[in-house]
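Numbering (the working numbering), first residue to last: 277 to 536. Read through the structure below, which is laid out as structure tokens, and then see the notes.
What follows is the structure, given as structure tokens:
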């Protein structure tokens, strides 16, 4: 059994083994659109906000990125903010900047300490991953290293390898999201999450996407997933459940599984 590494963001533990954090996405293209999302989401009290900056039309303007991130934090009232550029190959939006500019944008956000976490894909160049790991650590920003597959659920060895690689490359949190073709694939993802939760020391986030996979968003915490994603106003991936509905399901499963 692993000795887990405890991580706290604004006093909120990640991966304490009880109930998952609920993360809601912000996908507005402009600061005004994001402000509208925040007005709808913050009263519902998610545990974390994910700013999907690949949706943001000014992603190439670092000063506006930092300014908007600060505005998000101010409106979030203490809710931690995760900054995510999802690349196109892993389900993100096309953006007008190249990878060196993306790395520079992340580095600027870390230096400004305008977010609590950043997410960067394991599929990126090792040198870029290492750069952002160093920069984020120096700034006290947690780093999620992630893998997304919108086509299929890979075999067990591949899933195990993605989780393990995140820890090996210094991630604070490892994330794996895959697309199932049937319920057996959902079971495969949950099994891989359980194995990783027993073998690794970092908190993990996992999900099986789409309608078939939505069950994993509700019970994945039982198998070691430290967080789950829910719709606050607009979804960022297939299969996300509305936050109020998800919170009710999580409360029911927690009572059934943990007896409290």
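For each residue, glycine too, the CB sits at the ideal point set by N, CA and C. As the structure is a prediction and not an experimental result, all values here were calculated from the model.
Asked, Found
"Residue nearest to residue 379 in terms of C-alpha spacing, selected from 395, 354, 345, 302", "395"
"Buried versus exposed, by CB contacts within 10 Å (16 or more), residue 312", "exposed"
"Contact set for residue 383: own chain, Cβ-Cβ below 8 Å, skip 5 residues either direction", "407, 408, 411"
"Assigned exposure category for residue 294 - 16 Cβ within 10 Å defines buried", "exposed"
"Run of the beta strand (DSSP E) containing residue 308, from where it starts to where it stops", "Segment 307-317 is the alpha helix (DSSP H) holding residue 308; no beta strand (DSSP E) there."
"As assigned by DSSP and simplified to three states, the class of residue 333", "coil"
"Three-state secondary structure (DSSP) of residue 526", "helix"
"Outcome for residue 358 when other beta-carbon atoms lying within 10 angstroms are tallied against a minimum of 16", "buried"
"Beta-carbon separation (whole angstroms), residue 508 vs residue 480, contact threshold 8 Å", "Residue 508 to residue 480, Cβ: 23 Å. No contact."
"Presumed contact (8 Å Cβ cut-off) between residue 454 and residue 484, rounded CB distance", "6 Å"
"Within 8 Å, strictly: CB atoms of residue 462 and residue 488", "yes"
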